[in-house]
Amino acid sequence: MPAVSRPTPRPLPPGAAAVVPRIVGPASWPACAAPPQFRVDAAGLPLWMVEMATSRALMESIEDRSGDNYYFGGEVEGVFGTGDRWTVPDQAWRRLGAAGLLYYRLVAYDQGGIGGCTFSVDDQHLGELPRLMVAAADGGPRCARPAAAPTARPRGLAGDRPA
15 MPAVSRPTPR PLPPGAAAVV PRIVGPASWP ACAAPPQFRV DAAGLPLWMV EMATSRALME
75 SIEDRSGDNY YFGGEVEGVF GTGDRWTVPD QAWRRLGAAG LLYYRLVAYD QGGIGGCTFS
135 VDDQHLGELP RLMVAAADGG PRCARPAAAP TARPRGLAGD RPA
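In our numbering, the protein residues as written are 15 to 177.
The following block contains the structure:
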């Protein structure tokens, strides 16, 4: 699977240098629950994306990123978010939540992504990334995917003998 990338940070225009976006989420969340919601403060910038990964190293390097360990987007992967709330998309939660620990940060953009961008936690401070502990239910295994429904055995025509 090809590495998942994100845009390279570009400085914001002068006067916006002090802008520091924030994202705040729960410290822990049940694996089997609906995906968690986060509060987003893009510090006045119009667009943002959330970067979420199963390790800090994936925030800095694209080498080992995949859809199973990394997410970058708003309500849809690769699409900007707006507003002050973000909920992990269902598919991303199912893929990433199995890791047990997730790291995240906010990337806020000026001018529709063609201007500059700024991070809630920059690459030099990855040790300060907020994290979300994904808790297994009652100390048991993480959410198991539901088993496929049994297929009905085809019925024979009148007069057919069962095999």
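Just so it is clear, CB atoms sit at the ideal spot from N, CA and C, and this is done for glycine as well.
- Item | Beta bridge counterpart(s) of SER42 as assigned by DSSP | MET147
- Item | C-alpha distance - ALA112 paired with ASP124, whole-angstrom precision | 33 Å
- Item | Distance between MET66 and MET184 (C-alpha atoms, nearest Å) | Lying outside 15 to 177, the shown extent of the chain, residue 184 is not represented and no answer is given.
- Query: In chain order, what residues of the same chain lie with their CB nearer than 6 Å to the CB of GLY87, ignoring the 5 residues before and after it?
  - Reply: MET63, VAL93
- Can the beta-carbon of THR96 be found closer than 8 Å to that of PRO60? yes
- Proximity of LEU146 and SER42 at Cβ, strictly below 8 Å: yes
- Message: Going by DSSP in three states, ALA57 sits in which element: helix, strand or coil?
- Response: coil
- Item | Where the alpha helix (DSSP H) containing ARG79 begins and where it ends | It is not in any alpha helix (DSSP H) - ARG79 carries neither H nor E in the DSSP assignment.
- Task: Figure out for me which residue from GLU89, GLU77, ASP82, ALA45 has the closest Cα to the Cα of PHE52.
- Result: GLU89
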